Amino acid sequence: MKNSFITSTVLLLAALRSSAFVAPHPRRCVHQRSSSLLPTSSSLAAASEPTAESAAPLSSSKEDHAVNIDRVAVLLDDALKYNTNNSSSTLVNNLMTLRQSDPMAAEANLDDILSIIATGSNRRTFIPRLSTRLSRTARLRSMSRVLDVTTPAADEGEAANNDAVDDEVAAGRRRRRALAVLLRTIDKEKSCGGTTIIRQIEKLALQDAKMEDLTKRLPEGLETPKYEVVVRRKGGYEIRNYEPFSVCTVEMKSSVKANDEKRAKTDAKVSMPQLSGASSFGALAGYLFGKNSEETAMKMTTPVLTSNAGMDVDDASSIGDTKEMSFVLPSSYWAEDGTARAPQPLDGSGVRLQRDEGGTRATLMFGGFANKAEVKERKAQLLALLEGDTDYVISDEAKITLSQYNDPFTPPWKRLNEVSVQVI
714 MKNSFITSTV LLLAALRSSA FVAPHPRRCV HQRSSSLLPT SSSLAAASEP
764 TAESAAPLSS SKEDHAVNID RVAVLLDDAL KYNTNNSSST LVNNLMTLRQ
814 SDPMAAEANL DDILSIIATG SNRRTFIPRL STRLSRTARL RSMSRVLDVT
864 TPAADEGEAA NNDAVDDEVA AGRRRRRALA VLLRTIDKEK SCGGTTIIRQ
914 IEKLALQDAK MEDLTKRLPE GLETPKYEVV VRRKGGYEIR NYEPFSVCTV
964 EMKSSVKAND EKRAKTDAKV SMPQLSGASS FGALAGYLFG KNSEETAMKM
1014 TTPVLTSNAG MDVDDASSIG DTKEMSFVLP SSYWAEDGTA RAPQPLDGSG
1064 VRLQRDEGGT RATLMFGGFA NKAEVKERKA QLLALLEGDT DYVISDEAKI
1114 TLSQYNDPFT PPWKRLNEVS VQVI
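Using our numbering, the first residue of the sequence shown is number 714, and each one after it goes up by one.
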């Protein structure tokens, strides 16, 4: 027994001295109820002021790449643990800066972080399944697991000609997108009760993925069209009566690229230009945020609406129809004369204002990323359910509409989407 105890002690001390371990420095959660845990004004000031090391931007020089990799590894580990030095903000700000100045460097930056995660999470440790409070390896393994549930599934037409090289490139692109989303999620999280941030997020991801009431994923503080639920049907869809509202709309065209310099006067820059519909999103965001006749910025609303959901832009054109994206205008413009009173779009923006008269819609909610394949599946599901509905039928020439309620940086386990169609 004594020899066993001595052996275990030696192994633990050796492990603690290895690079796989970092001594914990937990931050107390500022919204815990116990008054003894409430921070003083001086401690709040200290906590909100990052150290010079964490606040300094990463070098953009190629010669400093090795130094940057080492520093990114340190910043990432602090962010995954307790984010004591606001390291997540440094990582996110650096990524956003690179995206504006050098998109290729931004992708390389994400690849570097993915390499750190892959290498570190595969490191052997003396004791398996170590706590994320003590083990850097455990933290990176937790990060890898969350990345797995955050990464979007492969979408239709993503790999050209189903070529294996293209598939690998597409998979890397999806993984980088998931990492960018996850870094933003980490930056918003606070450690509570001594639990590491990445462990908290992993628990939330598993818990929220099983959430049955998807309405809890509706973003707080944003206006959304008003409706009354008439009836909830078996199969998970609802029949709703919508009140009228107004929207700004743009036709989605495959020939228009996001962040096109020619459209700088009318469009807002988008942070993820590679995403489907990014150019349309930029045009609508530009209008809503002040690139309009009155140079007036309006409040963001939800959801983002896409008509002819589940169809390619070119497919819609081939049947003599169009695919459109819309933002809901603030409620001050929902009256009958709202579109006339609202700031008018600039010439060349492609944006137009119109009133949606509301009406009765069959709606099916779902979570995750609303990629093309997922939307097609949900569209088919809703239409199949309506075939068995004896009270409501689809209106003539009704279009399937996709509603996306969350911003692009919301992880899939917190996302709310809907497909809907007008019924009578």
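Note that the Cβ used here is the ideal one computed from N, Cα and C, for glycine as well. Everything numeric in this text was worked out from a predicted model, so none of it was measured.
{"Asked": "Is G1051 helix, strand or coil by DSSP?", "Found": "helix"}
{"Asked": "Enumerated in chain order, which unbroken segments of the alpha helix (DSSP H) with a length of 4 residues or greater are wholly contained in the stretch 771-826?", "Found": "778-794 and 800-814"}
{"Asked": "Is it buried or exposed, L919, if we count other Cβ atoms within 10 angstroms and call 16 or more buried?", "Found": "exposed"}
{"Asked": "Per DSSP, C961 forms a beta bridge with which residues?", "Found": "F1040 and L1066"}
{"Asked": "Can the beta-carbon of E915 be found less than 8 Å from the beta-carbon of V859?", "Found": "yes"}
{"Asked": "Using 8 Å as the Cβ pair cut-off and three pairs as the minimum, do the stretch 1052-1061 and the stretch 998-1007 touch?", "Found": "yes"}
{"Asked": "Would Q1117 be called buried (16 or more neighbouring beta carbons within 10 Å of its own) or exposed?", "Found": "buried"}
{"Asked": "Give me, in chain order, the residues of the same chain whose beta-carbon lies closer than 6 Å to that of S1133; leave out the 5 immediate sequence neighbours on both sides.", "Found": "R1074, T1076 and T1114"}
{"Asked": "Where does Q913 land, buried or exposed, given buried means 16+ other C-beta within 10 angstroms?", "Found": "buried"}
{"Asked": "Buried or exposed, going by whether 16 or more other CB atoms sit within 10 Å of the CB of I1137?", "Found": "exposed"}
{"Asked": "Given a threshold of 16 other Cβ atoms within 10 Å of its Cβ, counted over all protein chains shown, does G833 qualify as buried or as exposed?", "Found": "buried"}
{"Asked": "Nearest CA to the CA of S800: which residue from F1040, R784 and V1088?", "Found": "R784"}
{"Asked": "For V942, does the count of other Cβ atoms within 10 angstroms reach 16, so buried, or fall short, so exposed?", "Found": "exposed"}
{"Asked": "Helix, strand or coil, according to DSSP, for E1090 in the structure here?", "Found": "helix"}
{"Asked": "Decide if E1037 is buried, meaning its Cβ has at least 16 other Cβ atoms within 10 Å, or exposed.", "Found": "buried"}
{"Asked": "Report buried or exposed for L847, applying the criterion of at least 16 other Cβ atoms within 10 angstroms of its Cβ.", "Found": "buried"}
{"Asked": "If you drop the 5 nearest sequence neighbours on each side, which residues of the same chain put their C-beta closer than 7 Å to that of Y950?", "Found": "A1075, T1076, L1077, L1095 and L1098"}
{"Asked": "Considering only residues of the same chain and omitting the five flanking positions on each side of L823, which have a CB-CB separation below 6 Å?", "Found": "R889 and L892"}
{"Asked": "Comparing alpha-carbon positions, which option in D1102, G1023, A1048 and V1017 lies nearest L1129?", "Found": "V1017"}
{"Asked": "Would you mind reading off the limits of the alpha helix (DSSP H) that contains V859?", "Found": "R849 to T863"}
{"Asked": "Going by the beta-carbon positions, is the gap between K1112 and N1021 smaller than 8 Å?", "Found": "yes"}
{"Asked": "Give a yes or no on whether the C-beta atoms belonging to V805 and D900 are separated by under 8 Å.", "Found": "yes"}
{"Asked": "Which same chain residues, not among the five before or five after L853, have their C-beta less than 7 Å away from its C-beta?", "Found": "I830, G833 and S834"}
{"Asked": "State the beta-bridge partners of T1019 as determined by DSSP.", "Found": "M1038 and L1115"}
{"Asked": "Assuming A819 and L808 form a contact by the criterion Cβ under 8 Å, report the distance between their Cβ atoms to the nearest whole angstrom.", "Found": "6 Å"}
{"Asked": "By alpha-carbon positions, which one of G1080, D926, V944 and K947 ends up nearest to P865?", "Found": "G1080"}
{"Asked": "Assuming contact is defined by CB atoms lying nearer than 8 Å, are V960 and V1041 in contact in what I supplied?", "Found": "yes"}
{"Asked": "Just grab the DSSP bridge partners of M1078 for me.", "Found": "E1131"}
{"Asked": "Skipping 5 residues on each side, what residues in its chain have a beta carbon closer than 6 Å to that of V1064?", "Found": "C961, V963, A996, Y1000 and P1058"}
{"Asked": "Select from R849, I910, L895 and K939 the residue whose C-alpha is nearest the C-alpha of P1043.", "Found": "K939"}
{"Asked": "Is DSSP giving Y950 helix, strand or coil here?", "Found": "strand"}
{"Asked": "Would a C-beta distance cut-off of 8 Å place P957 and T1015 closer than the cut-off?", "Found": "no"}
{"Asked": "Could you please give the first and the last residue of the uninterrupted beta strand (DSSP E) stretch that includes R945?", "Found": "Y940 to R945"}
{"Asked": "Can you give me the C-alpha to C-alpha distance between V862 and P1125, rounded to a whole angstrom?", "Found": "8 Å"}
{"Asked": "Should D1050 go down as buried or exposed, given a rule of 16 or more other Cβ atoms within 10 Å for buried?", "Found": "exposed"}
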